[in-house]
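Read in order, the letters of the sequence shown correspond to residues 879 to 1165 in the numbering used here. Ideal Cβ positions, reconstructed from N, Cα and C, are used throughout, including at glycine.
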Amino acid sequence: MKRLCLATVTTDNYLVGTLVTLHSFFATNPWFDGDVVLITEGLNASSRAHIEAIVPQVRYHAPSADLNARLDTLYASDPEMVRKRPRFHAIEAFRLEGYERVLFIDSDLLFRGSIEGLLSHEGQLVACGDGAYYKGKRRSWMPDTQTISTFNSGVISIAGSLIGEGHYLGLLDLIEGGDPEVPIMHLTDQLVLNIYFAGRASLAGPEFNYLFVHEQAIRATTGVSPAQARVLHFNGRHKPWDGNQVLLNGVRQPAFTRACIQWYEALEACLANLHLQKIGTTSGPAD
């Protein structure tokens, strides 16, 4: 059995986020020697070439027909939700067998430090709190039940014992029983994972998944600032590669602007890497 796997979901439209996420991960975690798996479907040749320039040994993993069939049923009455469909593909991480631990990450992250400590945590499923957790609120995921230790699904360390058909099908059953008219269904994979693993997740500190949407709550509850974060998560609709959103949110949240500057510095480093590789493969012998 191999030790580690890093997995993320991407699409052609999300490529730049994925590139910065992966490039910054390897720049700050040189110790990582595991496999890298991209969960995707229909990624075009150009996108694959860019990914492979960053991670030459990347492996592609397509969502199962079973998952897609259940998503078809879930969203049949709500075509507007189709754009959120790839978020559910995160559940495919529970089908990546053969590893001691799988680290699933979203593709809108910026790594600023090593996360080796997160992977050495003994918990079977290790994540970081979500907005409700930092605000001290309970989530009513299911009728007559409330949970306080809820987590964000953007960075999750999964023990090999949780990976396989049993847990995977259990997660799919929750998708099939979902109702897109319920407001919390917009949380997609996060909703399903929190219901399925309610009370069983171990929570790490916010420095391993710093949620910018909830910066004030994180500061107030834990005292941790974005400058102390090892992983910055641009969760929500405000993405650093969307200039209009940077402008709108940056006016309200100065720390977000500073983080976007760091993200663009990481993008510059990533593009420089891609450029140098392109020169290396196209240049002929010196005269």
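Rounded C-alpha distance that separates G976 from Q935: Start at 1 with the first residue of the sequence shown, and residue 976 comes out as number 98. Start at 1 with the first residue of the sequence shown, and residue 935 comes out as number 57. Between the alpha carbons of G976 and Q935 lies a distance of about 17 Å.
From T886, T888, L1050, residue whose alpha carbon lies closest to that of R948: For the purposes of this step, residue 948 is taken as the residue at position 70 of the sequence shown. Comparing Cα-Cα distances from R948 to each of T886, T888, L1050, the minimum goes to L1050.
Neighbour flag for A905 against chain D, beta carbons, 8 Å: Absent from the structure: chain D. Only one protein chain is present.
N-terminal and C-terminal residue of the beta strand (DSSP E) that E978 is part of: Position 100 of the sequence shown holds residue 978. It spans 977-983 - the beta strand (DSSP E) in which E978 sits, taken as one unbroken run.
Nearest-angstrom Cα separation, counted from D986 out to N1113: The residue you call residue 1113 lines up with position 235 of the sequence shown. The residue you call residue 986 lines up with position 108 of the sequence shown. Roughly 7 Å separates the two Cα atoms.
Exposure of H1153, with buried meaning 16 or more beta-carbon neighbours within 10 Å: Counted from its first residue, the sequence shown places residue 1153 at position 275. Exposed is the label assigned to H1153, since fewer than 16 other Cβ atoms lie within 10 Å of its Cβ.
Segments assigned alpha helix (DSSP H), at least 4 residues, entirely inside the segment 929-973: 943-952, 963-966, all fully within the segment 929-973.
Whole alpha helix (DSSP H) elements within the segment 1033-1087, 4-residue minimum: With a minimum length of 4 residues, the continuous alpha helix (DSSP H) runs that stay inside the segment 1033-1087 are 1043-1054, 1067-1074.
Short Cβ contact (8 Å threshold) for I1036 with V1102: For the purposes of this step, residue 1036 is taken as residue 158 along the sequence shown, with counting starting at 1. For the purposes of this step, residue 1102 is taken as residue 224 along the sequence shown, with counting starting at 1. Their beta carbons are not under 8 Å apart, which means I1036 does not touch V1102 by this criterion.
A1144 beta carbon less than 8 Å from that of R916: In the sequence shown, counting from the first residue as 1, residue 916 sits at position 38. In the sequence shown, counting from the first residue as 1, residue 1144 sits at position 266. Just to set this straight, residue 916 is Leu in the shown sequence, not Arg. No, these two residues do not count as a Cβ contact at 8 Å.
Segment limits, alpha helix (DSSP H) that includes F903: Along the sequence shown, one-based indexing puts residue 903 at 25. Run containing F903: 893-906, per the alpha helix (DSSP H) assignment.
P957, buried or exposed, once every other Cβ within 10 Å from all chains shown has been counted against 16: Counting from 1 along the sequence shown, the entry for residue 957 is found at position 79. Around the Cβ of P957, a 10 Å sphere holds fewer than 16 other Cβ atoms; the residue is exposed.
One or two residues paired with H1111 in a DSSP bridge: Here residue 1111 corresponds to residue number 233 of the sequence shown, with the count starting at 1. Bridge partners of H1111: L987, L1089.
DSSP bridge partner residues for A1005 (one or two, in chain order): Sequence index remark: in the sequence shown, residue 1005 carries index 127 (1-based). Partner(s): L1081.
Buried or exposed by the 16-neighbour rule on C-beta atoms within 10 Å, applied to V1129: Position 251 of the sequence shown holds residue 1129. The residue in question, V1129, is exposed, as its Cβ has fewer than 16 Cβ neighbours within 10 Å.
Of the listed residues R973, G1038, A1107, V1070, nearest to N1030 (C-alpha basis): The count along the sequence shown starts at 1 and reaches residue 1030 at position 152. Ranked by Cα distance from N1030, the options R973, G1038, A1107, V1070 are led by V1070.
Contact belief for A1005 with I1034 at Cβ below 8 Å, rounded distance in angstroms: Along the sequence shown, one-based indexing puts residue 1005 at 127. Along the sequence shown, one-based indexing puts residue 1034 at 156. About 5 Å separates the CB atoms of A1005 and I1034; that is less than 8 Å, so the two are in contact.
Those residues which DSSP pairs with N1030 across a bridge: Here residue 1030 is taken as the residue at index 152 of the sequence shown, counted from 1. As a beta-bridge residue in DSSP terms, N1030 pairs with C1006.
A885 - partner residues in DSSP beta bridges: Looking up residue 885 in the sequence shown gives position 7. In the DSSP output, where bridge partners are listed per residue, A885 has V915, F982.
Three-state class that DSSP yields for K1015 in the structure shown: Looking up residue 1015 in the sequence shown gives position 137. Residue state, collapsed to three classes: coil.
Delimiting residues of the alpha helix (DSSP H) encompassing L996: Here residue 996 corresponds to residue number 118 of the sequence shown, with the count starting at 1. DSSP places L996 inside the alpha helix (DSSP H), whose first and last residues are 994-997.
Stretch-stretch touch, CB-based, cutoff 8 Å, three pairs: the segment 1073-1090 with the segment 993-1012: Counting C-beta pairs closer than 8 Å gives three or more between the segment 1073-1090 and the segment 993-1012, which meets the contact rule.
Endpoints, the alpha helix (DSSP H) within which V1129 is located: Taking the first residue of the sequence shown as position 1, residue 1129 is located at position 251. First-last of the alpha helix (DSSP H) with V1129: 1121-1130.
Residues that K880 bridges to, as DSSP identifies them: For the purposes of this step, residue 880 is taken as residue 2 along the sequence shown, with counting starting at 1. In DSSP, K880 forms a bridge with Y977.
For E1000, the three-state DSSP class (helix, strand or coil): For the purposes of this step, residue 1000 is taken as the residue at position 122 of the sequence shown. Coil at E1000, not helix or strand.
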